[in-house]
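Worksheet: the structure to be examined is printed underneath.
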Amino acid sequence: MLSIAAVRLGCLALFLGLWLPLAASAAGFPELEKMLEKGFQISAEARLLGDGGRSGEVLGAIEPQRQLSPASVSKAYLAAAALDRWGPQHRFTTRLVSTADLDASGILRGDLILDGGGDPALASEDLWRLAQRLHQAGVREIEGRLVVSQWRFGPVECITTDRCEAQSRAANSYSALLSSAGVNHGNWCVNVAPGVSGEPARVTSCDSQSLIVGIDNQVETRAAGTGTEFSAERVTREEGDVMLLRGHIALDAAPRDVYRASGDPARQTARTLTAMLEQAGISIGDGYATSIEPPPASARSLAEVEGKSLQELLLHVMNYSNNFMADVLALNLVDTPRATLLQAGEAIQDYVAGLPDHGPVIMFSGSGLTTENRTSAQGANTLLESMFHRSSLFPSFVASFQSPSNGVSRFIRRGSPLVQDHLMLKTGTLNQPHAVRAASGYFRTRSGRWGVFTVLVNGTASTPWLNWAQVLDPLTQDLERMIEAH
Numbered sequence: 148m149l150s151i152a153a154v155r156l157g158c159l160a161l162f163l164g165l166w167l168p169l170a171a172s173a174a175g176f177p178e179l180e181k182m183l184e185k186g187f188q189i190s191a192e193a194r195l196l197g198d199g200g201r202s203g204e205v206l207g208a209i210e211p212q213r214q215l216s217p218a219s220v221s222k223a224y225l226a227a228a229a230l231d232r233w234g235p236q237h238r239f240t241t242r243l244v245s246t247a248d249l250d251a252s253g254i255l256r257g258d259l260i261l262d263g264g265g266d267p268a269l270a271s272e273d274l275w276r277l278a279q280r281l282h283q284a285g286v287r288e289i290e291g292r293l294v295v296s297q298w299r300f301g302p303v304e305c306i307t308t309d310r311c312e313a314q315s316r317a318a319n320s321y322s323a324l325l326s327s328a329g330v331n332h333g334n335w336c337v338n339v340a341p342g343v344s345g346e347p348a349r350v351t352s353c354d355s356q357s358l359i360v361g362i363d364n365q366v367e368t369r370a371a372g373t374g375t376e377f378s379a380e381r382v383t384r385e386e387g388d389v390m391l392l393r394g395h396i397a398l399d400a401a402p403r404d405v406y407r408a409s410g411d412p413a414r415q416t417a418r419t420l421t422a423m424l425e426q427a428g429i430s431i432g433d434g435y436a437t438s439i440e441p442p443p444a445s446a447r448s449l450a451e452v453e454g455k456s457l458q459e460l461l462l463h464v465m466n467y468s469n470n471f472m473a474d475v476l477a478l479n480l481v482d483t484p485r486a487t488l489l490q491a492g493e494a495i496q497d498y499v500a501g502l503p504d505h506g507p508v509i510m511f512s513g514s515g516l517t518t519e520n521r522t523s524a525q526g527a528n529t530l531l532e533s534m535f536h537r538s539s540l541f542p543s544f545v546a547s548f549q550s551p552s553n554g555v556s557r558f559i560r561r562g563s564p565l566v567q568d569h570l571m572l573k574t575g576t577l578n579q580p581h582a583v584r585a586a587s588g589y590f591r592t593r594s595g596r597w598g599v600f601t602v603l604v605n606g607t608a609s610t611p612w613l614n615w616a617q618v619l620d621p622l623t624q625d626l627e628r629m630i631e632a633h
């Protein structure tokens with residue numbers, strides 16, 4: 148009997164077969180069509196939204212059913228599935244619990260357990276609030292250990308090269324590993340500032356009065372006006388995570404925050420919370436540990452903190468294309484403990500299966516970092532149209548898309564003021580193993596009608612280079628004609 152993974156890989160092979168040359172109809176996309184001549188693979192569709200359950204008029208299409216990689220446009224699927232599951236006001240809760248007794252002198256006679264609730268945006272500020280609330284509850288000393296429980300999910304098996312490499316070292320922030328008890332998007336942060344000329348730079352923690360990650364500092368402070376250039380890499384040694392800093396910083400340079408993915412997000416949370424507890428005047432007798440076991444059923448809550456609402460989380464997931472938050476949110480969709488990214492992808496697929504006329508879809512993750520994700524322009528537009536007709540969810544959903552005229556991403560500010568003011572979109576980018584540039588979202592016509600559009604552009608071995616100007620410039624020209632004409 149074939150495993151689920153084998154069946155999914157078989158489906159992927161079938162979809163890859165659809166990459167063979169197909170007859171393209173580029174009606175409505177005359178500028179975008181020119182990319183076909185350069186060897187790029189395209190699935191594109193723009194259509195007006197209908198009413199009363201009727202489909203709207205198709206304004207343009209290029210092989211709209213072709214299965215291609217959507218990259219971070221996958222996050223629109225995640226956002227829809229999450230809103231469908233929980234609603235815009237859902238919040239994830241993180242708790243400090245214990246089965247131990249608290250005596251009259253404030254000593255907790257046992258372990259304190261952080262029950263990781265899967266909050267994708269859990270931050271140092273939240274851990275500080277937990278420490279303060281624990282202090283308010285009368286706790287002054289923990290006789291046992293601080294145990295960080297990631298029983299819901301974590302450590303999550305890596306299925307992308309960057310995340311697998313991040314288990315031992317990382318020179319970026321986006322490859323953060325995943326846990327239901329992760330903090331600060333799975334990243335360490337240190338601040339690098341000039342010291343005394345000729346001496347090492349001054350390095351401090353962004354999240355604590357004391358350093359909570361190891362530092363190997365070889366950044367030299369040089370005279371004012373000499374420029375600043377340094378590198379940062381997190382490596383995991385026997386004693387734990389260490390930030391390797393190399394280079395030089397000018398005496399007149401401004402301090403800089405440096406973020407690097409941690410090697411173990413649950414352990415990072417344990418070290419960070421330990422620092423917060425100590426600053427709150429709460430000592431820990433036996434150090435810290437991490438666990439994949441749930442807290443005992445008899446454990447009582449000593450302190451808790453609620454995270455941001457789902458609609459706020461989606462602003463960060465979509466606007467900043469935060470991969471850690473996206474995949475943690477997707478893992479929360481899995482109903483059983485010890486969730487994997489493949490199960491998270493299947494949960495999104497199960498949601499899509501309930502959308503009439505969507506067609507096939509493959510989701511190996513909610514972030515789109517996995518290059519095997521596949522959908523079509525017609526399918527993505529079906530998703531967008533289904534959300535448009537859900538009046539209780541649509542405001543939160545569409546608000547998570549960016550407007551080119553005032554969105555956080557400068558590269559999307561292309562086209563005339565008309566088209567920039569009439570679009571809301573989500574973009575997706577991949578460069579390996581082949582280039583992907585994808586865009587999907589809503590537009591409003593001159594007369595006020597709503598429409599949806601999706602453009603998936605994938606490169607091949609013979610088209611290794613693809614930038615956003617090559618896609619957004621022709622796309623905005625084509626969309627502007629549609630907006631003007633209707």
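Quick note: the sequence shown uses the working numbering, first residue 148, plus one each step.
Glycine is no exception: its CB is placed at the ideal position from the N, C-alpha and C atoms.
Among the options, nearest to residue i - alpha-carbon criterion
{"i": "Ser550", "options": "Leu391, Leu516 and Met465", "result": "Met465"}
{"i": "Glu380", "options": "Arg596, Asn614, Val337 and Val555", "result": "Val337"}
{"i": "Arg326", "options": "Pro302, Thr373 and Ile396", "result": "Reading the sequence as shown, one finds Ser at residue 326 and not Arg. Nearest of Pro302, Thr373 and Ile396 to Ser326, Cα basis: Pro302."}
{"i": "Tyr406", "options": "Met423, Val339, Ala400 and Ala450", "result": "Val339"}
{"i": "Gln365", "options": "Thr610, Leu249, Asp625 and Ser378", "result": "Ser378"}
{"i": "Thr517", "options": "Leu480, Lys181 and Ala473", "result": "Ala473"}
{"i": "Gln214", "options": "Asp625, Ser594 and Ala585", "result": "Ala585"}
{"i": "Glu290", "options": "Gly526, Ser322, Gly253 and Ser456", "result": "Gly253"}
{"i": "Ala486", "options": "Ile439, Ala446, Arg447 and Thr522", "result": "Ile439"}
{"i": "His569", "options": "Val599, Gly207 and Pro580", "result": "Val599"}
{"i": "Tyr435", "options": "Pro611, Ser216, Val294 and Trp275", "result": "Val294"}
{"i": "Ala422", "options": "Gln279, Ala208 and Ile189", "result": "Gln279"}
{"i": "Leu461", "options": "Glu631, Phe300, Met629 and Phe541", "result": "Phe541"}
{"i": "Gly207", "options": "Ile362, Asp411 and Ala524", "result": "Ala524"}
Pairwise C-alpha distance: residue j and residue i
{"i": "Leu488", "j": "Phe511", "result": "6 Å"}
{"i": "Leu196", "j": "Gly588", "result": "12 Å"}
{"i": "Arg238", "j": "Thr601", "result": "30 Å"}
{"i": "Cys305", "j": "Ser409", "result": "14 Å"}
{"i": "Ile151", "j": "Ala477", "result": "Interpretation of Ile151 is limited by its pLDDT of 40, a score under 50 that renders its predicted location unreliable; the figure taken from the coordinates is listed afterwards. Roughly 18 Å between the two C-alpha positions."}
{"i": "Thr592", "j": "Val566", "result": "9 Å"}
{"i": "Gly492", "j": "Ile509", "result": "8 Å"}
{"i": "Gly575", "j": "Trp615", "result": "10 Å"}
{"i": "Ala226", "j": "Thr368", "result": "45 Å"}
{"i": "Asn578", "j": "Gly186", "result": "16 Å"}
{"i": "Pro177", "j": "Leu183", "result": "11 Å"}
{"i": "Pro402", "j": "Pro341", "result": "7 Å"}
{"i": "Gln490", "j": "Glu519", "result": "14 Å"}
{"i": "Thr437", "j": "Ala417", "result": "7 Å"}
{"i": "Thr529", "j": "Gly263", "result": "35 Å"}
{"i": "Thr241", "j": "Gly265", "result": "8 Å"}
{"i": "Ala228", "j": "Val499", "result": "8 Å"}
{"i": "Arg310", "j": "Ser320", "result": "10 Å"}
{"i": "Gln236", "j": "Met534", "result": "17 Å"}
{"i": "Pro507", "j": "Ala632", "result": "32 Å"}
{"i": "Glu627", "j": "Ser547", "result": "22 Å"}
{"i": "Gly175", "j": "Ala191", "result": "10 Å"}
{"i": "Ile396", "j": "Gly345", "result": "10 Å"}
Pair within 8 Å by beta-carbon distance, residue i and residue j
{"i": "Val286", "j": "Ile260", "result": "no"}
{"i": "Val360", "j": "Asp388", "result": "yes"}
{"i": "Asn331", "j": "Ser271", "result": "yes"}
{"i": "Gln297", "j": "Ala413", "result": "yes"}
{"i": "Met571", "j": "Val604", "result": "no"}
{"i": "Cys353", "j": "Asp404", "result": "yes"}
{"i": "Leu398", "j": "Ala370", "result": "yes"}
{"i": "Val205", "j": "Gly515", "result": "no"}
{"i": "Asp258", "j": "Ala247", "result": "yes"}
Residue i, DSSP secondary structure in three states
{"i": "Thr419", "result": "helix"}
{"i": "Pro621", "result": "helix"}
{"i": "Asp198", "result": "coil"}
{"i": "Ala170", "result": "Only weak support exists for where Ala170 lies, its pLDDT of 36 falling under 50; the value from the coordinates is given anyway. Looking at Ala170 - three-state DSSP - the assignment turns out to be coil, as it is neither helix nor strand."}
{"i": "Leu261", "result": "strand"}
{"i": "Glu178", "result": "coil"}
{"i": "Leu183", "result": "helix"}
Q: Identify every run of the beta strand (DSSP E) within the stretch 325 to 405, keeping only runs that are complete inside it and at least 3 residues long; order them along the chain.
A: 334 to 340, 349 to 352, 361 to 369, 376 to 384 and 387 to 397
Q: Entirely within the stretch 265 to 335 and at least 3 residues each: give me those beta strand (DSSP E) ranges in chain order.
A: 293 to 296
Q | Within the stretch 547 to 626, ranges of the beta strand (DSSP E) (whole runs, at least 3 residues) | A | 570 to 577, 583 to 591 and 597 to 605
Q | Every unbroken beta strand (DSSP E) inside the stretch 445 to 504 [3 residues or more] | A | 447 to 453
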